[in-house]
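Residue numbers (this note's numbering), protein chains in the order written: chain A, 5 to 299; chain B, -4 to 405.
Note that beta-carbon positions come from the ideal geometry of N, C-alpha and C, so glycine has one too.
Notes for the one structure printed next.
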Amino acid sequence: MDALISYLVNVISLGGTYALLALGLAVIFSVLGLINFAHGELMTLTGYVLLAGILTGQPFWLAVFVAVIAGGISAALMEFAAFRPVRNASGATLLMTSFAVSMLLQVLFQNGISPRGQAVPVPTWLTTSLSIGNSQISKVQIMSITVGVLALLALKFFFDRSYWGWAIRAAADDFEIVGLMGVKASRLISFAFLLSGLLAGVAGVLWVIQRGSVDPLMGFKPVLAAFIVAVIGGLGSLTGAVAGGFILSAIEIALQTWLPPNVMPYRDAITYTIVVIILSIFPNGIFGKRTQEKV
Amino acid sequence: MQRKSGPSKVTKMAVSLSAIMLVSACASGDGEATASGEATAPAAGAACTVKVGVAGSQTGGLAYIDVPNLEGFELWAEQVNAAGGVDGKFTIETVVKDTRSDAAQSATVAAELVAEEISILITPGDADPSIAAGQLAQDAGIAAVSWFGSSPILPLAVGDHMFSNAFGDNTQAKVLADHATEKGYKNAYTLGSPDSAYTNLLPGYFKEAFEANGGKVVGEGTFSMGQASFSVIVDEIKALSPAPDVIMTPAYEPDFPTFIKALRGAGITAAVLGTDGIDSPTTLALADIAEGVTYTTAGVLKNEGAMSTFFTDYNGKYGKDPETIYAVTGYELGLTLDAVVKQAQSCDADAIWQAWSNLEGAQGITGAISYKGGDRMAIREVALVEIKNSERSLVGTFSPDPATVPKAQL
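Rendered as structure tokens:
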């Protein structure tokens, strides 16, 4: 029973972060058909802004708030400076641009800040744990679950009730029709980047608080995981991004918990094999749209 | 379609380029040109330039180790050249190329440097890219030295021209195991990662040495470098019976801070032993969480004693204090090269290799460094450091008997 509680707590806390990251990717994919691999660097940037806020003596909540906002604004600026000039180019060009932005930011962090990771001092109340039954759950995990769930609920409300939420959902179905309905493409894309950056900001804060440090290459692994999550869920599907986050988390945590020690080094390989099996059953992802090409 | 019979534009360009390269190569030779066009090395003892090729990681995951090492080395080179060179006649020229923390790029960069007729090659501070780069130096008969790659399989995998500025991981594991035994710890848990030779092999060396001392490793965990969470591993440690009284891991940042935060957050108070990768301000900044963590390293980075002159000089050049011991080890690699060139009295790659192989008692900042009679890993003292009040505190320096150190095997 304790093992099950621990398993569920671990799955929900990691899955929530994956879902937030994948949603950030899915929102951009919806409007631009682009997987933005610089999304991870927005997380890293958020981490550095959080660190700066804490080191300059700001209250923790304020440092977190500013860091998340910085993620959103940086994403909007990224769209304006890097993606807008090539918006009508091919998908390959957009993808290369996202890699270039990612590399550029990594090198800027390394040379402008430090190639070494920086410890992020979080309040001591976050470093202890709570007892639930015979299980002990760290407060970082509790915070991670709470923030993740609240952010996902807020997003659902946003997508269901707001004009821009509807527009993004509609764009995920058919971007051209949204344009014909009178929604300005530039504003929709800018807004999508802003939203994606805010999501990267929330995920980045959770990631940094859990890991305790920020380093120039921090964003690579999470964005890779988020990409896999988005593919499992179905590229461009917002529901799929959330579901995919929890599915990948459930697979990773299950393997880490129950694989025999001598097989453990093959954990990542087994994870990706399971992902490939899922994709062979759902070629467009679990919630992906079926595409038909006219001959 | 008809083809033109004459040389194409591409062929003409290739021939022109080859001619330019040939002329450049002849013009840039360090040795004197003979009538036949062949270059000869300067006579032993004559003034010349030691060309040091640095295939280091200026960017990427290994930059945290290679960048400070290079800073320390360049400080040494600047000081030596200002004094007229080693022995007043052998000046140092450093050619730096970025390997981007990538093994394939390390090989490419090493090939470029070898083609530049370097006297010695410096490789990244990790075994995997160093093996890729070192093999090219080995084939060219040039000595290669890793900044601080501590896996003892490095020289075994490459050959007799590969050295490291670091003590072996088997040696530092032995120091940690002896410390654990002396502290009275009976049961240990080890946490490694298959992602690098360093994180993969160190737990095994520790286990061998600790169990030879009479201890028992009650659990062995693995992690993926950069993984999101260590909660599952912490749950696994909590469930162990008997509970470990010491946990040994070669994890370094960003994984070490994540692990120890999760460990202490779950209320586990077992002692934690780490290795040289965590000797950084990031670990110290963990404050109470890292209190009592004990680890092996090359020396205690403190602005006092033998290190104070280095602090002053480093600050004079870079306008900041060194953050990690790797700045010191980079400077020490320079001091080692100083002793080697004095011994070789030559800039010739083969003479430098031979002198490096037979080096005894080069004086570094943290102690003497030798290679003669060893396995081409630096024979140097291992410092054991404990974190107390967020500061480094020296437990002691150790030179374990090589006969008791776990053997390195490919």
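Task: Helix, strand or coil at A/Phe250 according to DSSP, with G and I counted as helix - done: helix
- [ ] From the DSSP output, read off the bridge partner residues of B/Ile115.
- [x] B/Val47 and B/Ala138
Open item on the list: On the criterion of 16 or more Cβ atoms from any shown chain inside 10 Å, does A/Ile136 qualify as buried, or is it exposed?
Closed with: exposed
Task: Span separating the alpha-carbon of B/Ala34 from that of B/Asp123 - done: In this prediction, B/Ala34 has a pLDDT of 42, which is less than 50 and means its spatial position is unreliable; nothing more can be read from the coordinates.
Open item on the list: Beta carbons nearer than 7 Å to chain A: which residues of the region 244 to 262 of chain B have them?
Closed with: Glu248, Pro249, Pro252, Thr253, Lys256, Ala257, Arg259, Gly260, Ala261 and Gly262
Task: Positions along the region 280 to 296 of chain B whose CB lies within less than 8 Å of some CB in chain A - done: Ala280, Leu281, Ala282, Asp283 and Ile284
TODO: Could you tell me which chain A residues have their CB closer than 8 Å to the CB of B/Ser219, listed as they occur along the chain?
DONE: Arg271 and Asp272
Task: Element boundaries [beta strand (DSSP E), containing B/Glu327] - done: Here B/Glu327 belongs to no beta strand (DSSP E); instead the alpha helix (DSSP H) covers Ile320 to Ala339.
TODO: Using beta-carbon positions only, say whether A/Ala93 and A/Gly201 come within less than 8 Å of one another.
DONE: no
- [ ] Compile a chain-ordered list of the residues in the region 60 to 88 of chain B whose CB is closer than 7 Å to at least one CB of chain A.
- [x] Val62
Task: Beta-carbon proximity list for A/Pro119, same chain, < 7 Å, skipping 5 on both sides - done: Pro220
Task: Inter-residue spacing [alpha-carbon to alpha-carbon] between B/Leu418 and A/Trp211 - done: The question about residue 418 of chain B has no answer here: the residues shown for chain B are numbered -4 through 405.
TODO: Determine which residues of the region 43 to 66 of chain A have a Cβ less than 9 Å from any Cβ of chain B, and write them out in chain order.
DONE: none
Task: Helix, strand or coil at A/Gly51 according to DSSP, with G and I counted as helix - done: helix
TODO: Could you tell me whether any Cβ in chain A is nearer than 8 Å to the Cβ of B/Thr277?
DONE: yes
Task: Sequence-distant residues of the same chain with beta carbon closer than 7 Å to A/Leu239, five excluded per side - done: Phe33, Gly289 and Gly292
Task: Chain-order list of residues whose beta-carbon lies under 7 Å from that of A/Phe179 (same chain, five-residue window excluded) - done: Val35
Open item on the list: Does the CB of A/Gly216 have a neighbour CB from chain B at under 8 Å?
Closed with: yes
Open item on the list: Tell me which residues share the same chain as B/Gly410 and place their Cβ nearer than 6 Å to its Cβ, disregarding the 5 neighbours each side in the sequence.
Closed with: There is simply no residue 410 of chain B to check, as chain B begins at -4 and stops at 405 in what is shown.
Task: Complete runs of the alpha helix (DSSP H) confined to the region 177 to 240 of chain B [at least 4 residues] - done: 192 to 207 and 226 to 233
- [ ] Could you pull out every residue in the same chain whose Cβ sits closer than 6 Å to the Cβ of B/Ser125, ignoring the five residues on either side in sequence?
- [x] Thr118, Pro119, Ser141, Gly144 and Leu149
Open item on the list: Which of the three DSSP states is assigned to B/Ala127 in this structure?
Closed with: helix
TODO: Quick one: grab the DSSP three-state call for A/Met185.
DONE: coil
Task: Between the CA atoms of B/Val400 and B/Asp406 - distance to the nearest angstrom - done: What the structure shows of chain B is the stretch from -4 to 405, and residue 406 of chain B is not part of that stretch, so it cannot be assessed.
Open item on the list: I'd like to know whether the C-beta of B/Asp123 is nearer than 8 Å to at least one C-beta of chain A.
Closed with: no
- [ ] Quick one: using the 10 Å Cβ neighbour count with 16 as the cut-off for buried, is B/Tyr406 buried or exposed?
- [x] Given that chain B is displayed from residue -4 to residue 405, the structure contains no residue 406 of chain B and the question cannot be resolved.
Task: Own chain partners of B/Arg95 with C-beta closer than 8 Å, once the 5 adjacent residues on each side are dropped - done: Ser52, Gln53, Thr54 and Gly55
Open item on the list: Between which two residues does the alpha helix (DSSP H) holding A/Gly169 run?
Closed with: Tyr167 to Asp177
- [ ] Compare the C-beta of A/Ala254 with all C-beta atoms of chain B and state if any pair is closer than 8 Å.
- [x] no
Open item on the list: Can you give me the C-alpha to C-alpha distance between B/Glu231 and B/Gly294, rounded to a whole angstrom?
Closed with: 34 Å
TODO: Run through the region 267 to 304 of chain B for me and flag every whole beta strand (DSSP E) of 3 or more residues, listed as ranges in chain order.
DONE: 289 to 292
Task: Proximity test, Cβ basis, 8 Å: A/Ile73 and chain B - done: no
Task: Contact list for B/Glu318 against chain A, beta-carbon separation under 9 Å - done: Ser118 and Arg120
Task: Check whether A/Phe197 and A/Met82 have beta carbons under 8 Å apart - done: yes
TODO: Compute the beta-carbon to beta-carbon distance between B/Gly214 and B/Pro239, rounded to the nearest angstrom, for a pair I have assumed lies under 8 Å.
DONE: 7 Å
Task: A/Asn266, buried or exposed, once every other Cβ within 10 Å from all chains shown has been counted against 16 - done: exposed
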